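A short worksheet on the structure shown next.
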């Protein structure tokens with residue numbers, strides 16, 4: 002039976018010009034390149050300049066995705082931005098991207114699920130497209146986490162970076178089978194009881210300040226490796242696939258040890274895992290689209306490939322989606 006599918010037709014990314022190595026960070030805080038690499042796999046990250054806001058990075062990534070798709074702003078009627086570091090409390094960063102691009106149709110809004118935000122945004126856009134609520138969507142993940150890390154906390158400030166990635170999704174008619182191109186399944190979960198393990202200690206409704214990121218690293222690691230498998234397995238089951246069918250595993254780029262432990266548990270060969278955490282650090286909601294664009298540009302991800310995206314973020318919120326590229 003024919004069915005509408007949300008097909009990826011364009012991909013793009015944007016990174017701040019300034020790349021900061023572990024050695025440069027070691028001049029600022031009590032850490033070392035060896036310590037960071039051994040525990041996280043991170044070797045470098047990009048930090049935004051004062052004029053590189055979240056919406057600026059998101060707009061650049063969206064422009065690249067539109068160019069890759071051969072489309073213009075007039076072709077878009079939905080903009081969703083996944084971010085935890087918006088330019089303003091309101092209006093949404095998505096509306097600022099929408100205005101900067103010149104998109105005049107449809108709606109624009111933000112999704113906030115921290116590092117899982119891009120997976121949540123893809124799933125949300127997919128529902129709009131499959132039900133006729135939109136025809137083409139820009140899904141953006143954009144972050145400037147350097148604005149909210151505590152630069153006196155050596156255990157967290159070394160982990161994060163800034164950047165943005167975007168994809169264009171287009172509603173296309175498929176045959177209704179798992180051979181179709183597009184988003185084939187998605188599984189999302191949240192459990193607010195874990196707030197204290199990863200959160201920001203401020204906000205307009207509580208302290209009236211931006212606050213700083215706080216994290217219990219060991220607890221996050223344990224939960225990420227142990228609990229996120231449920232959404233991955235559910236996404237596979239919904240679409241009628243197993244990990245053996247996968248061409249590429251594109252997880253949230255937070256920590257190489259978490260990524261490899263998760264892949265090993267699922268039986269996904271490490272050569273099928275896309276890793277960019279060494280170059281970008283943890284860019285939260287931007288990490289998956291940045292990794293997707295890197296793997297597409299270097300020729301790894303090709304049309305027809307089966308791709309799994311997966312992430313867990315503060316809250317906790319976590320999710321996975323299967324996409325036939």
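In the numbering used here, the protein residues as written are 2 to 326. Yeah, the Cβ is synthetic: ideal placement off N, Cα and C, and Gly gets one too. All figures in this text were calculated on a predicted structure; none of them were measured in a lab.
Please report the distance separating the alpha-carbon of residue 44 from that of residue 253.
To locate residue 44, count along the chain shown from 1; it is residue 43. To locate residue 253, count along the chain shown from 1; it is residue 252. Using only the alpha carbons, I get a separation of about 17 angstroms.
Is it right to say residue 195 is buried, meaning 16 or more other beta carbons lie within 10 angstroms of its own, or is it exposed?
Counted from its first residue, the chain shown places residue 195 at position 194. Looking at its Cβ environment, which holds 16 or more other Cβ atoms inside 10 Å, residue 195 is buried.
According to DSSP, residue 15 sits in a beta bridge with which residue or residues?
As a working note, residue 15 is residue 14 in the chain shown. Its beta-bridge partners are 165.
Please look up how many angstroms separate the CB atoms of residue 316 and residue 212, rounded, as I've assumed it's under 8 angstroms.
On the chain shown, residue 316 is found 315 positions in, with the first residue counted as 1. On the chain shown, residue 212 is found 211 positions in, with the first residue counted as 1. Between residue 316 and residue 212, the beta carbon gap of about 15 angstroms keeps them out of contact (Cβ cut-off 8 angstroms).
When the Cα of residue 324 is compared with those of 257, 124, 48, which residue comes out closest?
Looking up residue 324 in the chain shown gives position 323. For the residues 257, 124, 48, the minimum Cα distance to residue 324 belongs to 124.
What is the residue span of the beta strand (DSSP E) that residue 311 lies within?
Position 310 of the chain shown, counting from 1, holds the residue named residue 311. Element bounds for residue 311: 307-314.
Whole alpha helix (DSSP H) elements within the segment 42-103, 4-residue minimum:
Runs found: 55-70, 94-102.
Cβ distance (whole Å) where residue 62 is taken to contact residue 166 below 8 angstroms
For the purposes of this step, residue 62 is identified with residue 61 of the chain shown, where counting begins at 1. For the purposes of this step, residue 166 is identified with residue 165 of the chain shown, where counting begins at 1. Rounded, the Cβ-Cβ distance is 5 angstroms, consistent with contact.
Inter-residue spacing [alpha-carbon to alpha-carbon] between residue 46 and residue 28:
Counted from its first residue, the chain shown places residue 46 at position 45. Counted from its first residue, the chain shown places residue 28 at position 27. Roughly 15 angstroms separates the two Cα atoms.
Apply the 10 Å Cβ neighbour rule to residue 17 and answer buried if 16 or more other Cβ atoms are within range, or exposed otherwise.
For the purposes of this step, residue 17 is taken as residue 16 along the chain shown, with counting starting at 1. Under this definition residue 17 is a buried residue.
Going straight from the alpha carbon of residue 277 to that of residue 149, what length do you get?
Taking the chain shown and counting its residues from 1, one reaches residue 277 at position 276. Taking the chain shown and counting its residues from 1, one reaches residue 149 at position 148. Taking the CA atoms as reference points, residue 277 sits about 22 angstroms from residue 149.
Residue 174 - DSSP class collapsed to helix/strand/coil:
To locate residue 174, count along the chain shown from 1; it is residue 173. In the structure shown, residue 174 sits in a strand (DSSP, three-state: E or B).
Given a cut-off of 7 angstroms on the beta-carbon distance, is the pair residue 264 and residue 275 in contact?
Mapped onto the chain shown, residue 264 falls at position 263. Mapped onto the chain shown, residue 275 falls at position 274. For the 7 angstroms CB-CB criterion, residue 264 and residue 275 do not form a contact.
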